[in-house]
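In order, the protein sequences belong to chains C, S, F and D. Using numbering that gives the first Met the number 0, the first residue of the first sequence is number 0, and each one after it goes up by one. Using numbering that gives the first Met the number 0, the first residue of the second sequence is number 0, and each one after it goes up by one. Using numbering that gives the first Met the number 0, the first residue of the third sequence is number 0, and each one after it goes up by one. Using numbering that gives the first Met the number 0, the first residue of the fourth sequence is number 0, and each one after it goes up by one. Remarks on the structure that follows.
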Amino acid sequence: MMKWNTLKYLFKEGIVGLWKNRVMALASAGTIILCLLILGMSYSLGTNIDYILKQIETKFGITSYVKEGTNENKILELRAKIAGVPHVQEVRYISKEAALSSFKEGMKDNAIFEDFTKDNPLPASFEIIVDSVEFQDQVVKELGKMPELETRYLEKETDIFIKINDTINYISWAISGALIIVGLLLMTNTIKLTVYIRRKEINIMKYIGATDQFIRLPFLIEGVVIGTISALTAIIIIVVSYSWLSNILVTELIGLLNGVTFRPIGDIMQRLIPVCMIIGSGIGFIGSGTAIRKHLKV
Amino acid sequence: MMKWNTLKYLFKEGIVGLWKNRVMALASAGTIILCLLILGMSYSLGTNIDYILKQIETKFGITSYVKEGTNENKILELRAKIAGVPHVQEVRYISKEAALSSFKEGMKDNAIFEDFTKDNPLPASFEIIVDSVEFQDQVVKELGKMPELETRYLEKETDIFIKINDTINYISWAISGALIIVGLLLMTNTIKLTVYIRRKEINIMKYIGATDQFIRLPFLIEGVVIGTISALTAIIIIVVSYSWLSNILVTELIGLLNGVTFRPIGDIMQRLIPVCMIIGSGIGFIGSGTAIRKHLKV
Amino acid sequence: MIYLQHVSKTYSNGAIGLNSTNLSIEKGEFVFITGNSGSGKSTLLRLLLKEIEPSHGKIIINNRDITKLKRKQIPYLRRDIGVVFQDFRLLPTKTVYENVAFAMQIVGATNREIRKNVPIILGLVGLARKARCYPEELSGGEQQRTALARAIINNSPILIADEPTGNLDPATSWEIMNCLQDINKRGVTIVMATHEREIVNTLKKRVIEITNGSVTKDMHEGGYDDEMEYSQVFV
Amino acid sequence: MIYLQHVSKTYSNGAIGLNSTNLSIEKGEFVFITGNSGSGKSTLLRLLLKEIEPSHGKIIINNRDITKLKRKQIPYLRRDIGVVFQDFRLLPTKTVYENVAFAMQIVGATNREIRKNVPIILGLVGLARKARCYPEELSGGEQQRTALARAIINNSPILIADEPTGNLDPATSWEIMNCLQDINKRGVTIVMATHEREIVNTLKKRVIEITNGSVTKDMHEGGYDDEMEYSQVFV
Ligand SMILES: Nc1ncnc2c1ncn2[C@@H]1O[C@H](COP(=O)(O)OP(=O)(O)OP(=O)(O)O)[C@@H](O)[C@H]1O
Ligand SMILES: Nc1ncnc2c1ncn2[C@@H]1O[C@H](COP(=O)(O)OP(=O)(O)OP(=O)(O)O)[C@@H](O)[C@H]1O
Ligand SMILES: [Mg+2]
Ligand SMILES: [Mg+2]
Numbered sequence: 000m001m002k003w004n005t006l007k008y009l010f011k012e013g014i015v016g017l018w019k020n021r022v023m024a025l026a027s028a029g030t031i032i033l034c035l036l037i038l039g040m041s042y043s044l045g046t047n048i049d050y051i052l053k054q055i056e057t058k059f060g061i062t063s064y065v066k067e068g069t070n071e072n073k074i075l076e077l078r079a080k081i082a083g084v085p086h087v088q089e090v091r092y093i094s095k096e097a098a099l100s101s102f103k104e105g106m107k108d109n110a111i112f113e114d115f116t117k118d119n120p121l122p123a124s125f126e127i128i129v130d131s132v133e134f135q136d137q138v139v140k141e142l143g144k145m146p147e148l149e150t151r152y153l154e155k156e157t158d159i160f161i162k163i164n165d166t167i168n169y170i171s172w173a174i175s176g177a178l179i180i181v182g183l184l185l186m187t188n189t190i191k192l193t194v195y196i197r198r199k200e201i202n203i204m205k206y207i208g209a210t211d212q213f214i215r216l217p218f219l220i221e222g223v224v225i226g227t228i229s230a231l232t233a234i235i236i237i238v239v240s241y242s243w244l245s246n247i248l249v250t251e252l253i254g255l256l257n258g259v260t261f262r263p264i265g266d267i268m269q270r271l272i273p274v275c276m277i278i279g280s281g282i283g284f285i286g287s288g289t290a291i292r293k294h295l296k297v
Numbered sequence: 000m001m002k003w004n005t006l007k008y009l010f011k012e013g014i015v016g017l018w019k020n021r022v023m024a025l026a027s028a029g030t031i032i033l034c035l036l037i038l039g040m041s042y043s044l045g046t047n048i049d050y051i052l053k054q055i056e057t058k059f060g061i062t063s064y065v066k067e068g069t070n071e072n073k074i075l076e077l078r079a080k081i082a083g084v085p086h087v088q089e090v091r092y093i094s095k096e097a098a099l100s101s102f103k104e105g106m107k108d109n110a111i112f113e114d115f116t117k118d119n120p121l122p123a124s125f126e127i128i129v130d131s132v133e134f135q136d137q138v139v140k141e142l143g144k145m146p147e148l149e150t151r152y153l154e155k156e157t158d159i160f161i162k163i164n165d166t167i168n169y170i171s172w173a174i175s176g177a178l179i180i181v182g183l184l185l186m187t188n189t190i191k192l193t194v195y196i197r198r199k200e201i202n203i204m205k206y207i208g209a210t211d212q213f214i215r216l217p218f219l220i221e222g223v224v225i226g227t228i229s230a231l232t233a234i235i236i237i238v239v240s241y242s243w244l245s246n247i248l249v250t251e252l253i254g255l256l257n258g259v260t261f262r263p264i265g266d267i268m269q270r271l272i273p274v275c276m277i278i279g280s281g282i283g284f285i286g287s288g289t290a291i292r293k294h295l296k297v
Numbered sequence: 000m001i002y003l004q005h006v007s008k009t010y011s012n013g014a015i016g017l018n019s020t021n022l023s024i025e026k027g028e029f030v031f032i033t034g035n036s037g038s039g040k041s042t043l044l045r046l047l048l049k050e051i052e053p054s055h056g057k058i059i060i061n062n063r064d065i066t067k068l069k070r071k072q073i074p075y076l077r078r079d080i081g082v083v084f085q086d087f088r089l090l091p092t093k094t095v096y097e098n099v100a101f102a103m104q105i106v107g108a109t110n111r112e113i114r115k116n117v118p119i120i121l122g123l124v125g126l127a128r129k130a131r132c133y134p135e136e137l138s139g140g141e142q143q144r145t146a147l148a149r150a151i152i153n154n155s156p157i158l159i160a161d162e163p164t165g166n167l168d169p170a171t172s173w174e175i176m177n178c179l180q181d182i183n184k185r186g187v188t189i190v191m192a193t194h195e196r197e198i199v200n201t202l203k204k205r206v207i208e209i210t211n212g213s214v215t216k217d218m219h220e221g222g223y224d225d226e227m228e229y230s231q232v233f234v
Numbered sequence: 000m001i002y003l004q005h006v007s008k009t010y011s012n013g014a015i016g017l018n019s020t021n022l023s024i025e026k027g028e029f030v031f032i033t034g035n036s037g038s039g040k041s042t043l044l045r046l047l048l049k050e051i052e053p054s055h056g057k058i059i060i061n062n063r064d065i066t067k068l069k070r071k072q073i074p075y076l077r078r079d080i081g082v083v084f085q086d087f088r089l090l091p092t093k094t095v096y097e098n099v100a101f102a103m104q105i106v107g108a109t110n111r112e113i114r115k116n117v118p119i120i121l122g123l124v125g126l127a128r129k130a131r132c133y134p135e136e137l138s139g140g141e142q143q144r145t146a147l148a149r150a151i152i153n154n155s156p157i158l159i160a161d162e163p164t165g166n167l168d169p170a171t172s173w174e175i176m177n178c179l180q181d182i183n184k185r186g187v188t189i190v191m192a193t194h195e196r197e198i199v200n201t202l203k204k205r206v207i208e209i210t211n212g213s214v215t216k217d218m219h220e221g222g223y224d225d226e227m228e229y230s231q232v233f234v
């Protein structure tokens with residue numbers, strides 16, 4: 000195999016090559032950074048749409064009607080029982096009177112429902128907010144076991160939301176997939192070009208007796224270094240702009256949607272950092288390796 | 000100015016240069032195509048999210064309760080009047096009995112509401128679907144002028160939807176904007192690189208007495224041709240994949256959302272084609288022009 | 000026609016190209032520039048072409064100080080000068096024919112003129128059969144002759160040639176030299192850097208010798224300053 | 000050591016580089032290849048290096064038919080051959096020192112050896128002061144000498160040189176030729192394409208003349224085949 004001395008030389012060559020071919024290195028790095036930004040953007044967007052829709056879903060509460068004739072003690076007991084169900088975040092009691100007045104208010108205080116006041120037909124109820132919509136079914140099941148309650152939740156509306164959610168997820172995955180492919184193509188395209196520019200150099204090395212491995216190694220090292228540095232740069236840009244943007248959006252705009260937040264940056268980065276690093280250094284390595292191959296055939 | 004003969008020559012040079020520098024031309028074209036695809040994708044996505052959400056919004060109908068004691072004739076008359084309001088797409092009449100049974104069904108046929116059957120307190124109503132949610136307010140206003148009706152619509156739910164819509168629009172514009180910038184950077188990056196590769200050639204031309212204009216023109220022509228061809232290619236890819244994808248999505252997935260459709264391809268293309276063409280040829284022209292400038296200084 | 004006044008050129012890495020040189024070359028002269036490798040011959044020629052800027056001094060060509068030339072005017076200076084570069088500088092994506100025709104296109108020649116003149120010149124330098132070859136398909140000497148053809152096609156009043164026979168066999172070299180003499184007789188000023196002792200000694204033209212960036216000899220009807228017979232000394 | 004058997008080379012554009020050539024060069028010989036521009040000298044040398052493949056025939060170097068060499072083995076063939084290319088082929092991003100050192104790195108020399116040998120060779124070709132220059136900062140002759148330094152640094156048993164003195168003044172040329180003769184005396188086989196009549200005539204080595212791709216003369220202790228005195232004929 001290669002001598003230690005030679006390996007050291009080739010490693011140094013790779014590093015020095017970055018500076019000597021800085022125009023090409025910058026072009027590659029620029030492309031990789033921009034492509035990883037696209038990736039990061041599409042991932043952040045996708046995951047946040049998901050996240051935000053999930054939060055909105057939880058706003059669809061569960062309503063449990065209390066059977067006529069249930070006494071006050073029993074109601075207090077029920078309330079405690081409901082609050083004890085796992086994943087229940089909030090329980091609110093709405094008395095018959097409150098229900099009627101809110102119903103009438105909904106009807107804009109008009110004369111049509113006048114006769115309701117004679118004999119209030121509306122039941123008292125609990126409004127229950129679940130901490131995450133995924134557990135809604137589970138909570139509803141639990142509530143179903145209480146004979147004093149008649150539980151109802153916005154099945155249809157929740158369904159629509161879940162479907163929108165699914166669709167958007169599906170689309171955002173498709174888009175992310177497409178963007179990853181496009182990004183990979185763009186990156187290999189540029190790397191190929193930068194190697195193509197140096198084909199004469201590669202040829203010369205071959206003509207004076209260098210082995211393929213000898214020529215390739217510095218290119219691979221250059222590629223990996225460019226890829227890794229680009230990935231780090233992209234990650235920094237994503238972190239900074241994500242926290243900046245999500246702040247602005249949360250305060251300025253999403254504020255309207257009472258308290259919706261963006262996925263915390265830590266969550267995003269947990270996945271994005273390894274992916275960026277792997278793609279960055281991988282594309283640098285594999286891109287350079289394959290691009291150089293055909294120029295070695297002299 | 001330049002002679003006609005010279006202009007013809009330079010024009011031919013630009014065209015022939017495409018073939019002679021095909022590696023570089025392909026690299027540029029590839030980048031431009033991919034960037035325009037990103038653009039097209041983000042635009043199609045943004046505009047469709049908007050479009051789909053709009054469709055879902057229209058599913059929030061308007062309910063107009065009919066005052067107690069309005070007779071059958073009056074109801075038929077009202078129905079015709081409502082149907083005549085601009086932007087009303089569909090009117091359905093729900094009688095007192097139908098309202099009760101649907102209410103009870105909603106309550107899961109349970110004993111709590113038994114007493115309703117004695118004296119049905121629910122009013123008859125019209126359900127009105129507006130052709131586009133933007134006109135909902137307008138229609139409600141119109142309905143408010145009819146004294147026999149008590150109109151109500153899902154203001155809160157519609158509001159949430161509109162806010163989601165706004166948010167998603169806002170985000171998708173931000174993303175599109177970012178992608179356009181990224182795309183422009185990627186494209187100019189590659190064009191710069193392809194010109195950089197040919198800097199020696201440019202220098203030689205200058206050394207033997209060519210004017211800047213003489214050298215630049217073929218590059219500009221090359222740039223514009225590459226940009227235009229790339230734009231056309233990107234458009235074709237977008238048209239084909241959009242119609243293919245929207246078909247699949249509509250049938251497979253969006254089917255769940257009862258009859259939601261994607262924005263027709265014609266709509267999308269109406270904007271996307273000019274934008275792609277302008278960006279493609281513009282970036283080819285301006286990119287080449289600025290990239291060549293510094294190499295001309297010899 | 001060409002005047003250098005106290006011209007110095009120090010490269011950015013400190014290498015001295017030319018060292019306070021004074022020189023005047025009149026219209027119609029045929030001047031050989033000789034000197035050891037690295038003495039500054041190419042530097043001198045590149046200064047005339049404004050390929051590089053002098054560190055000091057004035058360079059006057061056709062009564063104009065070219066160091067003060069505006070960017071826009073440089074191409075017109077260069078059109079007055081046909082050049083054979085030491086490293087040829089052919090356009091790699093153009094054939095021999097196209098490379099030569101390109102020089103005519105630059106000055107706005109008509110297609111008629113181009114179609115008429117290019118083959119004549121290519122015949123003159125012995126490349127008629129290589130017209131459709133790309134530079135990388137040519138031998139070293141053929142590339143050099145293409146560069147020469149490009150330099151003379153426009154009948155520029157000045158011809159600068161940096162070792163135009165360095166890659167040529169003696170027979171071809173003499174053909175080229177003959178051709179240059181003809182051109183010179185038609186009034187073109189020729190400045191040619193060369194190492195070829197035989198050519199310099201035979202033609203008896205003006206010889207300017209440069210040593211380490213300074214003119215050390217300037218003789219009319221001169222010879223190659225090579226008193227030792229190296230072949231005797233070293234073998 | 001080097002045997003060509005019926006070797007032909009026709010380039011893809013139809014140009015004939017070499018035409019059914021037979022040749023044998025023994026170990027330790029010093030051979031000049033002469034011939035007109037475009038006659039096929041470089042083609043011959045490039046065939047030996049497996050830079051191009053012959054259209055027909057066998058090329059045997061060190062008892063191996065190099066046309067049958069596997070891709071993996073080509074670098075080892077090339078390490079046995081030091082080369083000066085007609086167009087130099089220096090690595091543009093490496094200094095003179097690094098270009099020469101690179102050739103030693105290829106064969107796995109230690110840093111010690113490199114630090115010791117490179118300056119010696121650079122001194123030999125007169126480039127000690129240019130060690131840190133990049134090729135584009137060198138004069139033509141300096142580039143050529145760098146290429147020569149690279150070719151001889153590894154003491155390869157064969158040295159191929161394509162006009163290694165084409166850009167050099169006579170004095171430097173003779174120094175280089177002296178150096179090559181020394182190397183030859185140490186047993187290195189040298190094949191050198193050249194146009195320099197003076198060198199060929201003085202050194203009295205074997206001369207192979209190629210005309211239009213065919214060997215037309217092969218003389219031991221030969222001279223440049225140039226019976227006409229061109230200088231007399233043309234001037
Ligand atoms: N671009 C450059 N940057 C730095 N130094 C340079 C540059 N070009 C030339 N030199 C140096 O300037 C000196 C003169 O170079 P020049 O090319 O003029 O020599 P020359 O007389 O043409 O030699 P040759 O006969 O070998 O071509 C040399 O020492 C050379 O190394
Ligand atoms: N890559 C190539 N493709 C096509 N034809 C070529 C190629 N290389 C050389 N030739 C042709 O082959 C012939 C021989 O070329 P070669 O380079 O061997 O000549 P040479 O003897 O070295 O000439 P010179 O003294 O001018 O360097 C020439 O006619 C040349 O045009
Ligand atoms: Mg020179
Ligand atoms: Mg040759």
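Where a beta carbon is used, it is the ideal one built from N, C-alpha and C, also for glycine.
Under 7 Å, CB to CB, which of the residues in the stretch 120-135 of chain D have a partner in chain F? Cys132
Skipping 5 residues on each side, what residues in its chain have a beta carbon closer than 8 Å to that of Ser230 of chain F? By 1-based counting over the third sequence, the position of residue 230 of chain F is 231. Residue placement at Ser230 of chain F is poorly supported in this model, since its pLDDT is 41, which falls under 50; the coordinates are not used for a value here.
Going along chain F, which residues have a C-beta under 7 Å from Phe213 of chain S? To locate residue 213 of chain S, count along the second sequence from 1; it is residue 214. Correct list: Ile105.
Closest Cα partner of Gly20 of chain D within the set D:Glu162, D:Lys71, D:Gly140, D:Gly56: Within the fourth sequence, numbered from 1, the residue matching residue 20 of chain D stands at position 21. It is Thr, not Gly, that sits at residue 20 of chain D in the sequence shown. The closest CA to that of Thr20 of chain D, considering only D:Glu162, D:Lys71, D:Gly140, D:Gly56, is found on D:Gly56.
Ser54 of chain F: which of F:Gly13, F:Leu147, F:Ser38 sits nearest, CA to CA? Locating residue 54 of chain F in the third sequence gives position 55, where the first residue counts as 1. When only C-alpha atoms are compared, the closest one is F:Gly13.
If we require 3 or more residues per run, which beta strand (DSSP E) segments fall completely within the stretch 138-214 of chain D? 157-161, 188-192, 205-210
Would you check if the distance between the CB atom of Ala130 of chain F and the CB atom of Ile113 of chain F is smaller than 8 Å? Here the question's residue 130 of chain F lines up with position 131 in the third sequence. Here the question's residue 113 of chain F lines up with position 114 in the third sequence. No, these two residues do not count as a Cβ contact at 8 Å.
Would a C-beta distance cut-off of 8 Å place Thr145 of chain F and Val95 of chain F closer than the cut-off? In the third sequence, residue 145 of chain F corresponds to position 146, counting from 1. In the third sequence, residue 95 of chain F corresponds to position 96, counting from 1. Remark: C-beta atoms of Thr145 of chain F and Val95 of chain F approach each other more closely than 8 Å.
Between Gln4 of chain D and Phe87 of chain D, how many whole angstroms is the CB-CB distance? I'm expecting something under 8 Å. Taking the first residue of the fourth sequence as 1, we reach residue 4 of chain D at position 5. Taking the first residue of the fourth sequence as 1, we reach residue 87 of chain D at position 88. 31 Å between Cβ atoms; not a contact.
Got a sec: does ligand 4 put a non-hydrogen atom nearer than 7 Å to the Cβ of Ala150 of chain D? Here residue 150 of chain D refers to the residue found at position 151 when the fourth sequence is read from its first residue. Checking every heavy atom of ligand 4 against the Cβ of Ala150 of chain D, none is found closer than 7 Å.
Is Asp108 of chain S helix, strand or coil when you go by DSSP? Your numbering for residue 108 of chain S matches position 109 in the second sequence. Interpretation of Asp108 of chain S is limited by its pLDDT of 47, a score under 50 that renders its predicted location unreliable; the figure taken from the coordinates is listed afterwards. Here Asp108 of chain S sits in coil by DSSP.
Are any of the Cβ atoms in chain F nearer than 8 Å to that of Glu200 of chain S? The residue labelled residue 200 of chain S in the question sits at position 201 within the second sequence. It does; some Cβ of chain F falls within 8 Å.
Is the Cβ-Cβ distance between Val343 of chain C and Val138 of chain C less than 8 Å? No statement about residue 343 of chain C is possible, as the shown extent of chain C runs from 0 to 297 and does not include it.
Taking a Cβ distance cut-off of 9 Å, strictly less, list which residues of the stretch 177-200 of chain S are near chain A, in chain order. The structure shown has no chain A; the protein chains it does contain are C, S, F and D.
Any heavy atom of ligand 3 closer than 7 Å to the CB of Gly139 of chain D? Within the fourth sequence, the letter at position 140 stands for residue 139 of chain D. Correct: Gly139 of chain D has its Cβ closer than 7 Å to ligand 3.
According to DSSP, is Lys8 of chain F part of a helix, a strand, or is it coil? For the purposes of this step, residue 8 of chain F is taken as residue 9 along the third sequence, with counting starting at 1. Of the three classes helix, strand and coil, the one that applies to Lys8 of chain F here is strand, per DSSP.
8 Å CB neighbourhood of Glu220 of chain F in its chain, flanking five on each side removed: For the purposes of this step, residue 220 of chain F is identified with residue 221 of the third sequence, where counting begins at 1. Lys203, Lys204, Arg205, listed in sequence order.
Identify which residue in F:Val199, F:Gln72, F:Glu195 has its Cα closest to the Cα of Ile198 of chain D. Position 199 of the fourth sequence, counted from the first residue, corresponds to residue 198 of chain D. Cα-wise, what sits closest to Ile198 of chain D is F:Glu195.
Test: Met268 of chain C CB closer than 8 Å to a CB of chain S: By 1-based counting over the first sequence, the position of residue 268 of chain C is 269. False, the Cβ-Cβ gap to chain S never drops below 8 Å.
By DSSP, does Thr289 of chain S sit in helix, in strand, or in coil? Locating residue 289 of chain S in the second sequence gives position 290, counting from the first residue. Thr289 of chain S: helix per DSSP, three-state reduction.
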